[in-house]
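Participant: Take this structure, written in structure tokens, and hold onto it; I'll ask about it next.
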Amino acid sequence: KIEKCNVTKACWDMMTQEGRARYSVTHQTLYFIMMQKTGCVEDVERQVGVKIEDIEDRMCGSIYNEARKEAEGERVEEMTQDLFLEQVLVCGCLGYEDFLRRDWIEMVLRWQTGTGCFTIKDPALLAMEKDVSALVEEERKLMNDLKQEAKMIEEQHGHRSRNLLREKMMHDGCLSHKSGLGFGTLCLYLRYLVRQAFLL
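Heads up, the sequence shown is in full-length UniProt numbering, so the first residue is 1 and it goes up one at a time.
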């Protein structure tokens, strides 16, 4: 049996590898958020002899520099907005208030549609996203046979596979991943603003 807070060298090396960018570094940072939420920080620090906060500082410093470049001129390219939201949400959740800038809050609010969700507004990009969604749907249909086989194998061997989360365009044009990140980011901003109002 593997202990709850056990970290293998291979896992540690992958999750702390320097020089990562974009989604790679946000996903590394998510690993440390999960470590905090499961109460493993002290155990892991004892195992590896490194302060987790120092690693988070390094990663969120790198993520902040990326986000700042993406938001130059108070405009983030539409295809980069999902990444930007993830960067703000991940490091904002860890308490890095540099990500909670007023100009960024206002910019994110402009991305919301009238229904409150987040989507792609550029018609060319939207058409591309719909084409990708159609291809994904075709792929899904083709994969059904494999899933049925996998289900039979799981039942025989007793393990379950996970479904990977992918961006999905919903019926109203909302993007599932981007909207989830957008809502999370707005909640983070709201919490920050409420805290500021009551701390003064």
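Cβ atoms here follow ideal geometry from the backbone N, Cα and C, with glycine treated the same way.
Between D172 and K51, what straight-line distance do the alpha-carbon atoms span, to the nearest angstrom?
Facilitator: Indexing the sequence shown from 1 puts residue 172 at position 172. Indexing the sequence shown from 1 puts residue 51 at position 51. Cα to Cα, D172 sits roughly 45 Å from K51.
Participant: Can you name the residues that DSSP bridges to Q199?
Facilitator: Stepping through the sequence shown from its first residue, residue 199 is reached at position 199. Sequence inspection shows Leu at residue 199; the Gln mentioned does not correspond to that position. Beta-bridge partners of L199 (DSSP): none assigned.
Participant: Just tell me which of Q81, R68, R75 has its CA closest to the CA of F99.
Facilitator: Along the sequence shown, read from residue 1 onward, the residue named residue 99 stands at position 99. Ranking Q81, R68, R75 by Cα distance to F99 puts R68 first.
Participant: Expressed to the nearest angstrom, what Euclidean distance is found between the alpha-carbon atoms of V48 and M15?
Facilitator: Mapped onto the sequence shown, residue 48 falls at position 48. Mapped onto the sequence shown, residue 15 falls at position 15. Rounded to whole angstroms, V48 to M15 spans 13 Å at the Cα level.
Participant: State buried or exposed for V194, treating a residue as buried only when at least 16 other CB atoms are found within 10 Å of its CB.
Facilitator: Indexing the sequence shown from 1 puts residue 194 at position 194. By the neighbour-count rule (16 or more Cβ atoms within 10 Å), V194 is not buried but exposed.
Participant: Take the Cβ of D54 as the centre, count every other Cβ of all protein chains shown within 10 Å, and call the residue buried at 16 or more, exposed below.
Facilitator: For this step, residue 54 is matched to residue 54 along the sequence shown. With fewer than 16 other Cβ atoms within 10 Å, it is exposed.
Participant: Can F118 and G184 be called in contact, C-beta distance under 8 Å?
Facilitator: As a working mapping, residue 118 is identified with position 118 in the sequence shown. As a working mapping, residue 184 is identified with position 184 in the sequence shown. No, these two residues do not count as a Cβ contact at 8 Å.
Participant: How big is the Cα-Cα spacing for M176 and C40?
Facilitator: Stepping through the sequence shown from its first residue, residue 176 is reached at position 176. Stepping through the sequence shown from its first residue, residue 40 is reached at position 40. Note on residue identity: the sequence assigns Ser, not Met, to residue 176. Going by the C-alpha atoms only, they are around 30 Å apart.
Participant: Which of the three DSSP states, helix, strand or coil, is assigned to M169?
Facilitator: Along the sequence shown, one-based indexing puts residue 169 at 169. Reduced to three states, the DSSP call for M169 is strand.
Participant: If you reduce the DSSP assignment to three classes, tell me which class Q17 lands in.
Facilitator: Within the sequence shown, the letter at position 17 stands for residue 17. Reduced to three states, the DSSP call for Q17 is coil.
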